[in-house]
Each structure stands twice: as C-alpha cells, then as structure tokens.
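Take a look at the structure set out below.
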Amino acid sequence: MNDNRVSKLQIGAFSLPSIPISALGLPLVVYLPAFYSQDVGLSLTLVGMIFMLVRLGDVLVDPLVGVFTDKFPARWGRRRHWLVISVPLLMISCYLLFMPLPGAGPIYLTIVLFIVYCGYSLSSITHMSWGAELSNDYNERSTIQGAREFALIFGMFTVLTLPAIIENSAGGHGDGFMKMSAMGWFIIILLPVTIGIAVRMVGERTHVKPAHHVPFAEAWGVIIRDKILQRMLIADLFVAIAPSITGALYIFFTAHVFGLAKSASLLLLIYFVAGFVGVPFWIKIAHRIGKHRALSIAMIYGAVVLPIVLLFPRGEFWWLFLGFTLYGLAYGAGSFLLRSVMADVTDYDNLQTGQQRTGLYFSLLSLTGKVGSALAVGITYPILDLIGFDAKGVNTPETLNQLAALYVVLPSLFMLAAAAVMWKFPLDRAAQEDIRRKLTERDAAHAENPLTEAAAAVVDVGTAGGLVDKPAD
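Under the numbering used here, the first residue of the sequence shown is numbered 16, with each subsequent residue one higher.
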C-alpha cells in the first residue's frame with residue numbers, strides 16, 4: 016500500500032523507546048553475568064545456569080504476551096497501552112537487578128531476573144508488533160525496522176559510554192557496582208520519557224476485521240504447519256546465538272586474551288558505532304535485492320570477518336579496533352531484516368486465517384532470540400570452567416587459545432547456517448505484494464457488505480488503513 020505512508024517524524028518518534036529497551040538488553044547479555052560472578056561473588060557455572068534457566072522459563076511467557084496483547088486492544092488501539100504498562104514493571108525490577116540489595120544471592124537473582132525478562136518481553140514484543148503494523152509496504156517496513164534498529168544500537172553504545180567513562184576515570188577498571196548503577200539509572204530515566212513521546216506522537220493503523228475467522232485451535236495448526244514461519248524461526252535462532260556467544264565471552268576475550276581490560280567498554284562502543292553506521296547501508300541493500308538476500312549476505316560477511324581477529328597481535332588496541340569495526344558493520348542487519356520479513360509473514364497468516372496475530376508472531380521471534388542467548392550463556396560458561404578458565408586469576412596460553420577459538424568459531428558457524436536457511440526464502444517482494452493485493456480485495460469485498468462484521472468495523476473507525484488514535488479490531 017503506497018498511500019498513508021508513515022512520516023519520517025513518526026518513524027523517529029516510534030523508534031525512541033528502542034533506546035532504553037536496548038540499553039537493558041545489552042547488560043543482560045554482556046555485563047550482568049560477569050558482574051554477578053566477579054563482583055557479587057557467585058560462581059561462573061551458577062550464574063550461567065541461572066541466566067539460562069530463567070531465560071528459558073521466560074520463553075513460556077513470550078507467546079502468552081503475544082496472544083494477550085493481540086486479544087485485548089484498548090481505546091488507544093492494539094499496542095500502545097501495553098507499552099505504557101511495561102514502564103513501571105521495568106523501572107522497579109531494573110533498580111533491583113542493577114543495584115542489588117545487600118546479601119543478594121542466587122534466589123534473589125533468579126526472581127528479579129525473571130521479573131525483568133517479563134517486563135522486557137512485554138515492552139519489546141509490543142514495540143516490534145506496533146512497528147510491523149505501521150505500514151503495509153514491503154520496503155517501508157524495512158525502513159521502519161531499520162530505524163528501530165538504528166535506535167537500538169544508539170541505545171547500546173550510549174549506555175556503553177557510562178562504564179567506559181568510569182573505567183578511564185578509575186585507572187582502567189572501575190567499580191562494578193558503580194558501572195551497573197549508572198546503567199540502571201540510564202534505563203530507569205529514559206523509559207517513561209521515550210515511551211511517552213512515542214505513544215503521544217504516533218498513532219496506530221486500523222485493521223479491518225474480516226468475516227472469515229479460523230477457530231483458535233485451527234489457527235495454531237496453521238502456525239505448526241507453516242514452513243515459512245519455521246524457516247524464519249530457525250534463522251532467527253541462529254542469528255541470535257552468534258552475537259550472544261561473542262557477547263557472553265566478550266569481557267573475558269578482551270581482558271584476558273588481548274590484555275585490554277582497560278579498553279573493553281571503549282572497544283565494545285566502537286563495535287556498536289560500526290553497527291550504527293552500517294544500518295542505512297543494509298536498508299539500501301534490502302531495498303535493492305530483497306530482505307532475505309541482504310540478510311544472508313550480512314551473515315556471510317560476519318562469518319568471514321570475525322575469525323580475522325585471531326590473526327592480530329595480542330595486546331594491540333588498534334588492531335582489535337580494526338577487527339571490531341569491520342565485524343560491527345554487519346551487527347544490526349540480522350535483527351531488523353528478520354523483523355521486517357516477519358511483518359510480511361504476518362500478512363500471509365492474515366490471508367490464511369483472517370486474523371491479525373502480529374503480537375503472537377513477534378513473540379515467537381522474541382522466543383527464539385531468548386533461547387539463542389540463553390543457550391549461549393548456558394553452554395559457554397560451563398565450557399570455560401571445563402577448560403580451566405579463571406576470571407580473576409592467571410590462565411595458561413592453551414586456555415586462552417581455547418577461549419579465543421570458542422569466541423570466533425561457534426558464532427561463525429551459526430552465521431553461515433542462518434545465511435543458508437534464508438538465501439532462498441520464498442516470501443520475496445513479489446510474493447508480499449501479491450498477498451497485500453489479495454488482502455485488500457478481501458477486505459474491500461467484506462466492507463461492501465453492510466451485514467458483515469467487517470463493514471461495521473470500517474464504519475465505526477472511519478479511516479481504515481490510516482494512522483489514527485482510535486481502537487483497532
């Protein structure tokens with residue numbers, strides 16, 4: 016649909032909540048596991064198991080969030096009220112996670128971490144679903160999800176400046192509690208501000224509810240049998256595992272293998288800046304050759320570039336600077352391109368079932384992402400124990416070489432697997448445009464019949480297909 020496009024101002028306002036959302040997501044993978052082992056005093060294996068099990072348990076929450084948010088719209092529409100509800104939940108739980116109370120142990124970490132993940136699920140799934148429903152256009156969906164990814168990466172490297180400043184001012188290390196506190200307050204302050212701006216400035220696209228409606232059990236059967244969705248979820252799992260492995264091992268790799276603990280946050284900041292710069296490039300590539308091919312190329316590029324860091328002399332900042340810059344250019348591509356493709360997959364589901372289940376489908380993407388990151392921490396941290404790695408002491412050259420190999424080989428294999436899965440993905444631009452044409456014809460046919468439920472919905476809302484501040488069906 017080429018009319019009623021989303022303005023650049025609306026896209027920018029919509030993207031703002033991604034800043035605190037990503038500022039929370041990064042420490043959950045990179046900083047908090049190391050913080051609770053090094054500073055709070057829990058063992059590596061215990062921390063790895065808690066983060067893995069809680070995240071796997073949270074996997075059960077994601078589909079419930081998706082179904083619930085699809086099923087219960089409000090006066091504002093289908094999505095925005097859920098985003099507002101997530102704010103107090105995240106603010107309180109983030110305070111407890113980033114600034115743990117005295118005597119915090121494994122039970123405390125497990126409970127608080129689960130609450131954080133629940134709030135994170137509600138905010139991220141709602142935000143992704145809202146973005147997917149803002150436009151029906153194949154390329155504009157890439158632009159919207161790319162802008163969201165742009166803000167996500169901006170949030171990541173912005174929150175990274177806090178530990179980098181603390182490290183430099185404290186002679187290279189800094190206090191772990193001080194770093195986590197700074198990150199926590201950054202998230203707590205920005206959440207209500209950015210979400211408030213977004214829900215105020217951006218409306219929601221209304222949806223005509225067709226008369227054809229597939230029963231709930233049969234609709235779930237469509238998901239189970241959907242080969243296109245299965246390929247999407249497998250690819251997303253592979254895409255999620257790769258950076259989660261490098262993220263989980265990053266602090267140890269930078270500090271112990273390269274001996275650059277003083278520059279750890281700065282180098283990670285450089286990596287995300289490169290990803291920030293790369294997003295517009297991948298948007299253009301996706302517009303030109305299609306989302307699935309652009310994704311595959313980005314994954315192949317990352318798999319080829321990452322192992323190059325093993326050739327660099329250790330202890331040399333500028334060599335690692337170069338490696339992380341090259342590798343970071345592809346960082347944001349996988350996430351936003353898969354979410355743009357998923358918006359097209361929800362159109363296919365709508366055509367098959369007569370239901371707009373964007374929240375459910377994006378909850379499945381959130382689910383595979385969490386499984387990927389959980390597996391990354393739950394597998395790699397016990398392996399570190401097995402190879403005799405000591406996070407606080409001196410390690411042998413053999414142990415450090417094994418850590419380095421773990422850091423680059425596994426992620427590269429998963430990136431190549433994701434590229435293979437998506438290279439011949441069937442839902443390309445032509446297929447999506449054909450689906451949109453059929454949906455438009457179906458909705459128009461239902462709207463012409465005043466006896467159908469769909470016609471009543473159109474009369475009530477008044478501007479079907481437009482961005483309005485009215486309830487959606």
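Ideal Cβ positions, reconstructed from N, Cα and C, are used throughout, including at glycine. Bear in mind the structure is a predicted one, so any value in this text is a computation, not a measurement.
Taking the Cβ atom as the reference point for each residue, do A28 and V217 lie within a distance shorter than 8 Å?
-> Here residue 28 corresponds to residue number 13 of the sequence shown, with the count starting at 1. Here residue 217 corresponds to residue number 202 of the sequence shown, with the count starting at 1. Yes, the pair counts as a contact, with Cβ atoms nearer than the cut-off.
Collapsed DSSP secondary structure at E331 in the structure displayed = The residue given as residue 331 occupies position 316 in the sequence shown. The answer is coil: DSSP assigns E331 none of H, G, I, E or B.
Pull up the distance between the alpha-carbon of R372 and that of E413, whole angstroms please.
-> Position 357 of the sequence shown, counted from the start, is the residue given in the question as residue 372. Position 398 of the sequence shown, counted from the start, is the residue given in the question as residue 413. The straight-line gap from Cα to Cα measures roughly 51 Å.
A255 - DSSP class collapsed to helix/strand/coil | Locating residue 255 in the sequence shown gives position 240, counting from the first residue. A255 falls in the helix class under three-state DSSP.
Would you kindly work out how many angstroms separate the C-alpha atoms of D362 and M193, rounded to a whole number?
-> The residue given as residue 362 occupies position 347 in the sequence shown. The residue given as residue 193 occupies position 178 in the sequence shown. D362 and M193: Cα-Cα distance of roughly 46 Å.
Compare the beta carbon distance of G161 and V45 with 8 Å and say whether it is the shorter of the two.
-> What you label residue 161 is simply residue 146 of the sequence shown in a count that begins at 1. What you label residue 45 is simply residue 30 of the sequence shown in a count that begins at 1. In this structure, G161 sits away from V45, with a CB-CB distance that is not shorter than 8 Å.
If we ignore side chains and look at the alpha-carbon of each, how far apart do D449 and M437 end up?
-> In the sequence shown, residue 449 corresponds to position 434, counting from 1. In the sequence shown, residue 437 corresponds to position 422, counting from 1. Each residue's alpha carbon lies about 20 Å from the other.
Which partner residues does G40 have in the DSSP bridge list?
-> Counted from its first residue, the sequence shown places residue 40 at position 25. Under DSSP, G40 shares a beta bridge with no residue.
Roughly how many whole angstroms lie between the Cα atoms of N154 and G170?
-> As a working mapping, residue 154 is identified with position 139 in the sequence shown. As a working mapping, residue 170 is identified with position 155 in the sequence shown. Each residue's alpha carbon lies about 24 Å from the other.
Selected residue, minimal CA-CA separation from V424, among P121, P258, F291 and R215 = Taking the sequence shown and counting its residues from 1, the one referred to as residue 424 is at position 409. Residue P258 is the option with its Cα nearest to V424.
Grab me the residues of L272's own chain with a C-beta within less than 7 Å of its C-beta, minus the 5 sequence neighbours each way, in chain order.
-> Counted from its first residue, the sequence shown places residue 272 at position 257. Here the sequence assigns Val to residue 272, which means Leu is not the residue at that position. Cβ within range, chain order: R329, L415, L418 and A419.
Could you please give the first and the last residue of the uninterrupted alpha helix (DSSP H) stretch that includes M106?
-> Counting from 1 along the sequence shown, the entry for residue 106 is found at position 91. M106 -> alpha helix (DSSP H) spans R95 to F113.
Using the DSSP secondary-structure output, state which residues sit across from Y92 in a beta bridge.
-> As a working mapping, residue 92 is identified with position 77 in the sequence shown. The identity of residue 92 in the sequence shown is Gly, whereas the question assumes Tyr. Bridge partners of G92: A89.
Going by CA-CA distance only, name the one from F287, L104, P426 and W334 that's closest to V131.
-> The sequence position of residue 131 within the sequence shown is 116, counting from 1. Among F287, L104, P426 and W334, the Cα nearest to that of V131 is on L104.
Decide if A459 is buried, meaning its Cβ has at least 16 other Cβ atoms within 10 Å, or exposed.
-> If you number the sequence shown from 1, residue 459 lands on position 444. Exposed, since its Cβ has fewer than 16 Cβ neighbours within 10 Å.
Which one of D77, V21 and R308 has the shortest CA to CA distance from L375?
-> In the sequence shown, counting from the first residue as 1, residue 375 sits at position 360. Per the Cα distances, D77.
Would you identify the three-state DSSP class for G489, choosing helix, strand or coil?
-> Past the boundaries of the shown model lies residue 489; the chain is included only from 16 to 488, so the question cannot be answered.
Shorter than 8 Å from the beta carbon of R444 to some beta carbon of chain D?
-> The question asks about chain D, but that chain is absent: this structure has only one protein chain.
Cβ neighbour criterion (16 or more within 10 Å) applied to R70 | As a position in the sequence shown, residue 70 is number 55, starting the count at 1. When all chains shown are included, R70 counts as buried.
What is the rounded straight-line gap between the Cα of S157 and the Cα of R457?
-> Here residue 157 corresponds to residue number 142 of the sequence shown, with the count starting at 1. Here residue 457 corresponds to residue number 442 of the sequence shown, with the count starting at 1. Approximately 25 Å between the Cα atoms of the pair.
Tell me whether E468 sits in a helix, a strand or coil according to DSSP, three-state version.
-> Here residue 468 corresponds to residue number 453 of the sequence shown, with the count starting at 1. Annotation note: pLDDT 40 at E468 (below 50); position unreliable, coordinate value reported separately. Correct three-state label for E468: helix.
Nearest to L353 (by Cα), restricted to the options H307, P48 and S280 | For the purposes of this step, residue 353 is taken as residue 338 along the sequence shown, with counting starting at 1. Minimum Cα distance to L353 is reached at H307.
Output the distance between the C-alpha atoms of N410 and L137, rounded to the nearest integer angstrom.
-> Residue 410 sits at position 395 when you count from the first residue of the sequence shown. Residue 137 sits at position 122 when you count from the first residue of the sequence shown. So the alpha carbons of these two residues sit roughly 41 Å apart.
For D488, which of helix, strand or coil comes out of DSSP?
-> Within the sequence shown, the letter at position 473 stands for residue 488. Model confidence at D488 stands at a pLDDT of 37, short of 50, so the residue's coordinates are unreliable and nothing is read from them.
Identify, in the order they occur along the chain, each residue of the same chain with its Cβ nearer than 6 Å to the Cβ of V319, setting aside the five sequence neighbours on each side.
-> Along the sequence shown, read from residue 1 onward, the residue named residue 319 stands at position 304. Nothing meets the Cβ criterion.
What's the gap between the Cα of L39 and the Cα of H461?
-> Working through the sequence shown from its first residue, we reach residue 39 at position 24. Working through the sequence shown from its first residue, we reach residue 461 at position 446. If you take the alpha carbons of L39 and H461, they lie about 44 Å apart.
Note down the Cα distance separating S427 from P322, rounded to an integer number of angstroms.
-> Position 412 of the sequence shown, counted from the first residue, corresponds to residue 427. Position 307 of the sequence shown, counted from the first residue, corresponds to residue 322. Cα-Cα distance, rounded: 8 Å.
Under a three-way DSSP split, which group does G161 fall into?
-> Counting from 1 along the sequence shown, the entry for residue 161 is found at position 146. Helix at G161.
Helix, strand or coil: how does DSSP classify G403 here?
-> Residue mapping note: residue 403 aligns to position 388 of the sequence shown, counting from 1. Coil.
Between the Cα of S381 and those of S144, T455 and G118, spot the shortest distance and give me the residue it belongs to.
-> If you number the sequence shown from 1, residue 381 lands on position 366. Here the closest residue by C-alpha is S144.
Counting only the same chain and skipping the five closest in sequence on each side, list residues whose C-beta sits under 7 Å from that of G262.
-> Within the sequence shown, the letter at position 247 stands for residue 262. Excluding positions up to five away in sequence, the list reads V44 and V45.
Pick helix, strand or coil for Y346, following the three-state DSSP scheme.
-> By 1-based counting over the sequence shown, the position of residue 346 is 331. Reduced to three states, the DSSP call for Y346 is coil.
Would you mind sorting S22 into buried or exposed? The rule is 16 or more other CB atoms within 10 Å of its CB.
-> Along the sequence shown, one-based indexing puts residue 22 at 7. The residue is exposed, with fewer than 16 neighbouring Cβ atoms inside 10 Å.
Does the beta-carbon of Q245 have 16 or more other beta-carbons within 10 angstroms, so that it is buried, or is it exposed?
-> The residue given as residue 245 occupies position 230 in the sequence shown. So Q245 counts as exposed.
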